[in-house]
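Worksheet for the structure shown next.
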Amino acid sequence: MENLQFGVDYYPEHWDEERWSIDLSMMKEMGITVVRLAEFSWSALEPAEGAFSFEWLAKVLDLCAAFDLKVVLGTPTAAPPAWVIEKMPDIQPMASDGARRYFGGRHHDCQSHPGYREQIKQYVTAFASHFGAHPQVIGWQVDNELGNSHGDLCYCSYCEAAFRQWLEGKYGTIEAVNQNWGTTFWSQDYQSFTQIHAPKNTASGQNPSRALDWQLFHSDLINEFHSFQAQIIREHSPNRFITHNLMGFSNVVNYHDLAKQLEFVSHDQYLEGYWRNYEKDKVEENYGTKRAFAAAELDFIRSIKKAGFWIMEQQSSISGWDILGRTPKPGEISLWSVQSVAHGADTIVYFRWRSCKMGTEQYWHGILPHSGIPGRSYFEIKTLIQKIKPLMKEVKGILPKPKVAIVHSYAQHYAMQIQPHHPDLNYLDHLYTYYRELYQRNIAVDFVQELEDWSPYQLVIAPLQYLMSPEQAQHYTNFVEKGGHLVVTMRTGVKERNNLCLIDQALPGDLSAVFGVEVHEYDCLRDVDVQVQLEGEIFTGSKWADILTPTSAEVIATYASEFYAKEAAITVHSYGKGKAYYVGTELDRELMHRFMNQLADVLPETLVTPPGVEIISRENEQVSYYFVMNHQNKDQAITIPEDWEAYYPEQDRNMISANQYQVYKKMK
Ligand code: GLA
Ligand code: ZN
Numbered sequence: 001m002e003n004l005q006f007g008v009d010y011y012p013e014h015w016d017e018e019r020w021s022i023d024l025s026m027m028k029e030m031g032i033t034v035v036r037l038a039e040f041s042w043s044a045l046e047p048a049e050g051a052f053s054f055e056w057l058a059k060v061l062d063l064c065a066a067f068d069l070k071v072v073l074g075t076p077t078a079a080p081p082a083w084v085i086e087k088m089p090d091i092q093p094m095a096s097d098g099a100r101r102y103f104g105g106r107h108h109d110c111q112s113h114p115g116y117r118e119q120i121k122q123y124v125t126a127f128a129s130h131f132g133a134h135p136q137v138i139g140w141q142v143d144n145e146l147g148n149s150h151g152d153l154c155y156c157s158y159c160e161a162a163f164r165q166w167l168e169g170k171y172g173t174i175e176a177v178n179q180n181w182g183t184t185f186w187s188q189d190y191q192s193f194t195q196i197h198a199p200k201n202t203a204s205g206q207n208p209s210r211a212l213d214w215q216l217f218h219s220d221l222i223n224e225f226h227s228f229q230a231q232i233i234r235e236h237s238p239n240r241f242i243t244h245n246l247m248g249f250s251n252v253v254n255y256h257d258l259a260k261q262l263e264f265v266s267h268d269q270y271l272e273g274y275w276r277n278y279e280k281d282k283v284e285e286n287y288g289t290k291r292a293f294a295a296a297e298l299d300f301i302r303s304i305k306k307a308g309f310w311i312m313e314q315q316s317s318i319s320g321w322d323i324l325g326r327t328p329k330p331g332e333i334s335l336w337s338v339q340s341v342a343h344g345a346d347t348i349v350y351f352r353w354r355s356c357k358m359g360t361e362q363y364w365h366g367i368l369p370h371s372g373i374p375g376r377s378y379f380e381i382k383t384l385i386q387k388i389k390p391l392m393k394e395v396k397g398i399l400p401k402p403k404v405a406i407v408h409s410y411a412q413h414y415a416m417q418i419q420p421h422h423p424d425l426n427y428l429d430h431l432y433t434y435y436r437e438l439y440q441r442n443i444a445v446d447f448v449q450e451l452e453d454w455s456p457y458q459l460v461i462a463p464l465q466y467l468m469s470p471e472q473a474q475h476y477t478n479f480v481e482k483g484g485h486l487v488v489t490m491r492t493g494v495k496e497r498n499n500l501c502l503i504d505q506a507l508p509g510d511l512s513a514v515f516g517v518e519v520h521e522y523d524c525l526r527d528v529d530v531q532v533q534l535e536g537e538i539f540t541g542s543k544w545a546d547i548l549t550p551t552s553a554e555v556i557a558t559y560a561s562e563f564y565a566k567e568a569a570i571t572v573h574s575y576g577k578g579k580a581y582y583v584g585t586e587l588d589r590e591l592m593h594r595f596m597n598q599l600a601d602v603l604p605e606t607l608v609t610p611p612g613v614e615i616i617s618r619e620n621e622q623v624s625y626y627f628v629m630n631h632q633n634k635d636q637a638i639t640i641p642e643d644w645e646a647y648y649p650e651q652d653r654n655m656i657s658a659n660q661y662q663v664y665k666k667m668k
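With UniProt numbering applied, the sequence shown corresponds to residues 1 to 668, in that order.
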């Protein structure tokens, strides 16, 4: 399995059989060695119940053998065919308003439905036993982008029943549910599990603890849905990998749990997808951080297993459904691919081979346009493959080695979604304010979980640590005590993990000692930003202000407007061998930059580059590979250190062209 650096997502069922060998030979000719097949092909493979028609796919696999292409097979459970719906209309998911979401698109399935499970079992068993041992088949993907299911979770009676069972497993008794959900409020006490319903739209308000459990339940449900299929596959297709195409920071499914079932994770990446906010992009571009969020997602994906990963769908041309995004500029597709590799991707699979005649995704263009005539995407990707494949083989197993980590938590994300406090306060956006500053400094970042071993890191940034258990507080305290530098931000230690407020102690509760601060008052900055003074200069904080009362901490910055002007906004406290920073508000870019300067002692040394020029390295004890990427649409001046050896002979060490990349190597 050494030659798997590039692949395509291919849908032979969209094309006449005569075309297949032309397509596959063109793939081979351009250096593609992997194809992903069949993840939406249920109706073509089982046109009526039990009437499997696997012959056409068998032909495709034989052709793949002829062209030396390895295959990843998908199970098609994100697109149950019309006959399944006819048989069981109630697999169509119910949204929180109680209305069904009907057949005609995809993802029209409930993951709890026992009859649907049975149908899937029949299909996957037949499919995996038919193709599982085929020599071309190297791996599997179950369903597609799990968690991207219906925009809303499913609230049907089967999901409700599964929720009750999950709650019984978690809490044991109904009394414990009542206690953990605080049901005395508004007479919400339950006498039995049967009284518990899915949190459909209510007449007024929602119980935040129930809402949190509903999210956690759904993640578990989807993971169990995956495991149910994965078990069948493993039984019938031994020695093959199972991976999944994750969607960056999308949070419906806890990817750490999912990853335990996978040999490696994959990620889908569409940097000019139709959903982009071009106004926001313009601002980011002006600061040179247009691709910082993409970098963050790649770092997150790598961090899940702290290992190399695949891109299972990388944008290959202009894309959209009803509305389209910008067409990639010359060089951009290669640059996005290289950025993925730089952050740890081992394989890049392009979505998709060819733009399709029909369906919702007619305008989601592939490497080939509708005409089938190779154009810009084809030639750019072909050149890229030839250029970068040897390098990808060389760096396999070598990864970025960050000394700085950002804490990411599904539960915190859910809790902040349930109660965002401020209309614009968004968990990911808040994390991103820290990531972006590190990105601009070319500082590599891992994302870590709350209770993970943080000892590889000098600096851990833990934004919005809203839910706090005693165990977690102890973990944070130990990290600082042993010499770690820890940053937390507003709303830390406010709640128990069940989403009930912590009481009988000043905020941030168990963490007051390590941070040397207490928070007795706070402000929601609905109609204003707050001024923050640091080193005599005025900057801006927004959305929220924790008004800090230092007990033993030193003040780094104070508020400079509102009635709490002169009160502390950012503090630092030496504790044990480390330092603990509390940041009371969301910092603007300039203030973030100045705050980060305060952490200089624990930030790794990196090269300064012009805005939009990113550098990240994959390294081990012997060697570093530096990837230099210009995400700006203009040529920029750079200064490459003399001891970095150019990987490609034509690289200009003083300049990098618009949307281009360079690679350097340094032996240690
Ligand atoms: C997702 C899906 C693909 C395809 C693309 C384009 O990432 O996984 O099946 O739909 O988007 O829309
Ligand atoms: Zn359901």
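Using N, Cα and C, we set each Cβ at its ideal position, and we do this for glycine too.
- Fully enclosed beta strand (DSSP E) runs of no fewer than 3 residues occupy 309-315, 345-351 of the region 306-362, in order along the chain.
- Residues of the same chain with a CB within less than 7 angstroms of the CB of Q419, apart from the 5 flanking positions on each side, are P208 in chain order.
- Within the region 117-154, complete alpha helix (DSSP H) segments of at least 4 residues are not found at all.
- Secondary structure at W544: strand, using DSSP grouped into helix, strand and coil.
- Between the beta-carbon of V404 and that of L603 there is about 7 angstroms, and that keeps the pair under the 8 angstroms contact cut.
- In this structure, the ligand ZN has a non-hydrogen atom nearer than 6 angstroms to the beta-carbon of Y158.
- The beta carbons of H108 and L335 sit about 36 angstroms from each other, so the pair does not count as a contact at 8 angstroms.
- Cα atoms of Q229 and A51: separation of roughly 20 angstroms, rounded to the nearest angstrom.
- Between R491 and D9 the beta-carbon gap is near 41 angstroms, outside 8 angstroms, which marks them as no contact.
- In the three-state scheme derived from DSSP, where H, G and I count as helix and E and B as strand, E650 is classed as coil.
- DSSP, read as helix, strand or coil, puts V35 in strand.
- Here M596 is buried. Its C-beta has 16 or more other C-beta atoms within 10 Å.
- Here the alpha carbons of V71 and H413 stand approximately 36 angstroms from one another.
- Of the residues D635, I615, D510, the one whose Cα lies closest to the Cα of K665 is I615.
- Three or more Cβ pairs closer than 8 angstroms define a contact, and the region 149-164 falls short of that threshold against the region 264-276.
- R19 carries a helical assignment under DSSP once its states are collapsed to helix, strand and coil.
- Three or more beta-carbon pairs separated by less than 8 angstroms link the region 513-521 to the region 550-559, which places the two stretches in contact.
- The alpha-carbon separation between E29 and V142 amounts to approximately 29 angstroms.
- In this structure, Q111 and I222 form a Cβ contact; the two beta carbons are roughly 6 angstroms apart against a cut-off of 8 angstroms.
- Around the beta carbon of I32, 16 or more other beta carbons sit within 10 angstroms, so the residue counts as buried.
- As the crow flies, the alpha-carbon of Y123 is around 8 angstroms from that of E46.
- Nearest neighbour of Y278 by Cα position, chosen from L324, F309, A296, turns out to be L324.
- When DSSP states are grouped into helix, strand and coil, N245 belongs to the strand group.
- With a cutoff of 7 angstroms on beta-carbon distance, F131 and W166 are scored as not near each other.
- DSSP links D268 through a beta bridge to E313.
- Taking C-beta atoms as the reference points, A65 and Q5 fail to come closer than 7 angstroms.
- DSSP places L63 within a helical segment (H, G or I) once states are collapsed to three.
- T383 has its alpha-carbon roughly 18 angstroms from the corresponding atom of A345.
- In this structure, the straight-line span from the alpha carbon of E39 to that of Q195 is close to 38 angstroms.
- Listed in chain order, the non-local C-beta contacts of G105 below 7 angstroms within the same chain comprise T360, local neighbours out to five positions each way being set aside.
- CA-to-CA, the gap between L212 and N498 works out to about 8 angstroms.
- Looking at the DSSP output, E614 sits in a beta bridge with M629.
- With a cut-off of 6 angstroms, the C-beta of E145 is classified as near the ligand GLA, since at least one heavy atom of the ligand falls inside that distance.
- The beta carbon of A557 is closer than 7 angstroms to those of V532, Q533, L534, A569, I570 in its chain, skipping five residues each way along the sequence.
- Inclusion of E313 in the 6 angstroms shell around the ligand GLA follows from its C-beta lying nearer than that to a non-hydrogen atom of the ligand.
- Checking the 6 angstroms criterion, the Cβ of W364 is within range of a heavy atom belonging to the ligand GLA.
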